[in-house]
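Asker: Residue numbers (our numbering): 40 to 645. Just so you know, even glycine gets a beta-carbon here, dropped at the ideal spot from N, CA and C. Small disclaimer: the values here were computed from a predicted structure and weren't measured. I'd like to ask some things about the structure below.
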Ligand code: XMP
């Protein structure tokens with residue numbers, strides 16, 4: 040029996056953004072509990088309202104998650120989001136059908152602006168990620184908002200206080216998402232105010248002490264924000280001699296990484312608690328000949344565990360008395376399939392490989408930040424007194440440059456666009472081709488691995504508005520694609536149709552080429568004072584050849600939490616200058632800019 044009922048229940052139907060709903064509610068001072076679909080109705084009746092999350096399935100699929108009908112008769116308000124909206128409509132007698140996909144921004148026209156849309160404008164921007172839609176409303180329900188492509192983007196049965204929204208109010212790109220959630224939580228469910236999340240540090244420290252008890256913590260640190268913040272939290276929770284950090288130099292790090300980590304931990308008085316293991320030869324050996332994105336991720340995750348266990352033996356650490364510490368944050372878990380395996384696997388993050396999951400089952404892992412998102416981690420870091428240069432660093436993935444060095448075993452060449460897609464591109468004064476390479480995306484809460492469209496502007500002008508609209512329409516309407524790139528610099532005479540994929544694996548020279556390109560980007564951004572204008576700026580090496588070399592892709596993005604992102608709109612002249620500098624390196628034929636949001640593309644390419 041819950042003692043406090045001033046909160047909401049969230050039912051996790053397998054969506055990528057389920058946990059983000061809880062987080063967004065935290066932002067507005069509303070607490071919630073996340074349950075699986077089989078939660079008993081009596082438990083739900085103890086909450087002020089119920090939110091049904093999104094999910095990757097279609098409501099008519101066999102085995103698609105559903106909820107007890109009883110929820111609808113509790114008299115408790117319900118808000119369905121995306122899949123939850125479709126499930127609610129279907130359970131109430133409405134009809135759901137497969138439609139054209141809608142991924143990314145959509146313009147919403149609000150028809151009824153009380154309840155959910157109170158104090159928000161009639162026209163507003165929302166974020167969509169779906170291919171099914173509610174085509175007939177249940178009896179008693181009214182359509183309260185729609186988009187061009189989705190007539191029933193929101194519905195309400197006011198009498199029974201049941202609501203559905205096709206878009207995602209929990210992601211930051213939905214302009215008035217917080218207002219909509221606040222209207223539901225406070226206006227409809229009558230949840231009373233509570234202080235916003237603050238002063239979390241003492242609670243986190245208490246949690247670490249309770250989890251560790253008498254044990255010490257052996258921490259895998261990478262130099263990034265998450266693991267450093269988690270490490271420092273542990274160092275505040277336990278006497279210094281009971282924590283030890285291990286940094287593994289995989290040979291897949293950015294230039295200057297090891298030195299920067301030493302300096303950062305040194306300035307925090309933790310320099311003597313750090314050990315460094317040079318393991319580049321081992322990583323190179325295990326990755327030799329590997330091309331599949333997930334395969335790479337599994338190998339790397341496994342190797343980290345292996346090295347950590349060898350190091351513990353070497354340092355005479357008794358595994359029974361030590362926990363393994365990691366800086367895992369929530370998006371790492373959800374993208375790897377969620378804590379309960381209900382969400383789709385988008386990509387297996389290095390700290391969620393099978394070996395780590397086994398250690399977690401044995402209760403041997405501690406992850407102080409596992410419920411947090413990047414921006415929350417940054418604010419905890421700032422509150423701990425870490426320097427802004429560290430807390431504001433661009434995220435860098437655990438598997439490092441390995442997942443930005445795209446490999447291939449196939450051969451093939453560029454394909455022309457379908458005639459309809461070619462016409463759309465032509466009207467916008469661009470030309471386009473399908474590159475013979477795939478990248479990872481997230482569409483309708485599920486992983487996709489699809490071809491990439493390359494564009495080129497005949498007049499050499501780039502206009503972000505046109506590119507945004509081309510990118511959205513190519514991915515949503517015209518093609519089975521999840522990513523669009525545009526040429527910003529190339530060797531003379533390069534034509535898109537010349538693109539060929541070549542057989543490449545992770546080789547030392549390729550990693551070095553990528554590291555140098557990455558360094559050019561980082562130093563140019565810093566020099567131009569633009570570092571903080573983007574959330575992250577991956578640089579990718581693709582085995583696409585035009586004249587015997589390869590291709591570099593620039594992927595600057597803006598995001599709040601990494602769960603959704605927009606391609607960043609940096610000054611075009613500046614990008615071309617970077618592009619030209621990189622292209623002058625030998626072995627680079629062309630430099631492209633990635634102009635895709637997340638969804639439909641993920642931030643990294645694999
Ligand atoms: P995607 O590519 O899924 O990435 O949009 C979201 C954020 O996560 C980072 N990323 C990782 N971070 N281990 C990490 O610690 C990983 O295996 C991993 N894969 C992706 C990515 O750089 C972005 O910031």
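Can you tell me whether residue 480 sits near the ligand XMP, meaning its C-beta is under 6 Å from at least one heavy atom of the ligand?
Answerer: No, the beta carbon of residue 480 sits no closer than 6 Å to any heavy atom of the ligand XMP.
Asker: Given the structure, does residue 384 come close to the ligand XMP, in the sense that its CB is under 6 Å from one of the ligand's heavy atoms?
Answerer: Result no, Cβ not under 6 Å from the ligand XMP.
Asker: Would you check whether the ligand XMP has a heavy atom nearer than 6 Å to the C-beta of residue 337?
Answerer: Because no heavy atom of the ligand XMP lies under 6 Å away, the Cβ of residue 337 does not count as near it: no.
Asker: Are residue 613 and residue 595 closer than 7 Å when you measure CB to CB?
Answerer: No; because the gap between Cβ atoms is not below 7 Å, this pair is not in contact.
Asker: What residue range is occupied by the uninterrupted alpha helix (DSSP H) comprising residue 507?
Answerer: Looking at the DSSP string, the run of the alpha helix (DSSP H) that includes residue 507 is 503 to 512.
Asker: Should residue 654 go down as buried or exposed, given a rule of 16 or more other Cβ atoms within 10 Å for buried?
Answerer: The question about residue 654 has no answer here: the residues shown for the chain are numbered 40 through 645.
Asker: Excluding the 5 residues flanking residue 503 on each side, which residues of the same chain have their C-beta closer than 6 Å to its C-beta?
Answerer: The answer, listed in chain order, is 608.
Asker: Under the three-state reduction of DSSP, which class applies to residue 143: helix, strand or coil?
Answerer: Three-state result, residue 143: strand.
Asker: Would you mind reading off the limits of the beta strand (DSSP E) that contains residue 615?
Answerer: No beta strand (DSSP E) contains residue 615, which is instead part of the alpha helix (DSSP H) from 611 to 622.
Asker: Can you name the residues that DSSP bridges to residue 597?
Answerer: Note: residue 597 sits in a beta bridge opposite 605.
Asker: Helix or strand or just coil, what does DSSP make of residue 734?
Answerer: Here the chain has residues from 40 to 645 only, and residue 734 is not among them.
Asker: What residue does the alpha helix (DSSP H) around residue 292 start on, and which one ends it?
Answerer: No alpha helix (DSSP H) contains residue 292, which DSSP labels as neither H nor E.
Asker: Closest to residue 464 by CA distance: which of 487, 478, 64 and 510 is it?
Answerer: Ranking the options by Cα distance to residue 464, first place goes to 510.
Asker: Since I believe residue 476 is in contact with residue 492 (beta carbons under 8 Å), could you give me their beta-carbon distance rounded to a whole number of angstroms?
Answerer: 11 Å between Cβ atoms; not a contact.
Asker: If contacts are defined as beta-carbon pairs under 8 Å, then residue 447 and residue 540 qualify, I think. What distance do you get, rounded to the angstrom?
Answerer: That pair is a contact at about 5 Å.
Asker: Using the three-state DSSP reduction, which class does residue 316 fall into: helix, strand or coil?
Answerer: In the structure shown, residue 316 sits in a strand (DSSP, three-state: E or B).
Asker: Determine the DSSP secondary structure at residue 466, reduced to helix, strand or coil.
Answerer: Residue 466 falls in the helix class under three-state DSSP.
Asker: Go to residue 163, then tell me how far its beta strand (DSSP E) extends in each direction, as first and last residue.
Answerer: Counting along the chain, the beta strand (DSSP E) containing residue 163 begins and ends at 162 to 175.
Asker: Using only the alpha-carbon positions, how far apart do residue 403 and residue 430 sit?
Answerer: Their backbone Cα atoms lie some 27 Å apart in a straight line.
Asker: With DSSP as the reference, identify every bridge partner of residue 529, one or two as the case may be.
Answerer: Residue 529 pairs with 629.
Asker: Taking contact to mean 3 or more Cβ pairs, one atom from each stretch, closer than 8 Å, check whether the region 45 to 56 and the region 187 to 200 are in contact.
Answerer: No, the region 45 to 56 does not touch the region 187 to 200.
Asker: Assuming the contact rule is C-beta atoms closer than 8 Å, residue 212 and residue 605 should be a hit. Round their C-beta distance to whole Å, please.
Answerer: Contact flag correct, Cβ pair sits at about 7 Å.
Asker: Near residue 516, which residues of its chain fall below 7 Å by C-beta distance, leaving aside the five closest residues on each side in sequence?
Answerer: So the qualifying residues of the chain are 139.
Asker: Can you have a look at residue 619 and say buried or exposed, based on whether 16 or more other CB atoms are within 10 angstroms of its CB?
Answerer: With fewer than 16 Cβ atoms within 10 Å of its Cβ, residue 619 is classed as exposed.
Asker: For my contact list, residue 185 and residue 148 are in at a C-beta cut-off of 8 Å; report their separation, rounded to the angstrom.
Answerer: That belief holds up - the Cβ atoms of residue 185 and residue 148 are roughly 6 Å apart, short of 8 Å.
Asker: Run through the region 97 to 142 for me and flag every whole beta strand (DSSP E) of 3 or more residues, listed as ranges in chain order.
Answerer: 117 to 120, all fully within the region 97 to 142.
Asker: List the residues that DSSP assigns as beta-bridge partners of residue 148.
Answerer: Answer is 162 and 185.
Asker: Confirm the yes/no value for this check: CB of residue 436, any heavy atom of the ligand XMP, distance under 6 Å.
Answerer: Result yes, Cβ under 6 Å from the ligand XMP.
Asker: Using the Cα positions of residue 262 and residue 320, report the straight-line distance between them to the nearest angstrom.
Answerer: Cα to Cα, residue 262 sits roughly 20 Å from residue 320.
Asker: Helix, strand or coil for residue 382 per DSSP?
Answerer: Coil, per DSSP.
Asker: Anyone know if the C-beta pair for residue 347 and residue 259 falls short of 7 Å?
Answerer: Result yes, Cβ atoms of residue 347 and residue 259 sit closer than 7 Å.
Asker: For residue 601, is the beta carbon positioned less than 6 Å from some heavy atom of the ligand XMP?
Answerer: True, at least one ligand heavy atom lies under 6 Å from that Cβ.
Asker: Does DSSP put residue 359 in a helix, in a strand, or in coil?
Answerer: In the structure shown, residue 359 sits in a helix (DSSP, three-state: H, G or I).
Asker: Taking Cβ positions, are residue 556 and residue 591 nearer each other than 7 Å?
Answerer: Yes, the pair counts as a contact, with Cβ atoms nearer than the cut-off.
Asker: Once you ignore the five residues that flank residue 537 on each side, which residues in its own chain have a CB closer than 6 Å to its CB?
Answerer: Answer for residue 537: 585, listed in chain order.
Asker: Sorry if obvious, but does the Cβ on residue 641 come closer than 6 Å to a heavy atom of the ligand XMP?
Answerer: Under cutoff, so the answer is yes.
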